[in-house]
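One structure below.
Residue numbers (the UniProt record's numbering): 1 to 82.
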């Protein structure tokens, strides 16, 4: 069983990176977690949410701050699509 650190380093967890000793959610990961979080923040008007990453041996909480430019781009893409 891996820790979150080991899982990120080995590529088992593909949606997280580590910068300056802190986990960050990748913007362009194929899983779409960043887009989901930004959509949630933009729709609710919140400025911060936390992503909890739990695996059998470990758990971390990753703060996600609202990214207004990303959200605006996402809204534009949705309007074009729908």
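Heads up, the beta-carbon is just placed ideally off N, CA and C, and yes, glycines get one too.
Residue i: first and last residue of the uninterrupted beta strand (DSSP E) it sits in
i, result
"residue 15", "Residue 15 -> no beta strand (DSSP E), and no H or E assigned at all."
"residue 59", "58-65"
"residue 25", "22-25"
Inter-residue spacing [alpha-carbon to alpha-carbon] between residue i and residue j
i, j, result
"residue 24", "residue 82", "30 Å"
"residue 39", "residue 6", "29 Å"
"residue 32", "residue 52", "15 Å"
"residue 59", "residue 30", "22 Å"
Secondary structure of residue i, DSSP reduced to three states
i, result
"residue 51", "strand"
"residue 92", "For the chain, the structure presents residues 1 to 82; residue 92 sits outside this window and is missing."
"residue 74", "helix"
"residue 82", "coil"
Nearest residue (CA-CA) to residue i, options the options
i, options, result
"residue 78", "65, 19, 35 and 55", "35"
"residue 47", "68, 59 and 53", "68"
"residue 71", "41, 58, 80 and 63", "41"
"residue 62", "12, 45 and 26", "26"
"residue 28", "44, 22, 20 and 37", "37"
Bounding residues of the alpha helix (DSSP H) (the contiguous stretch that carries residue i)
i, result
"residue 41", "33-44"
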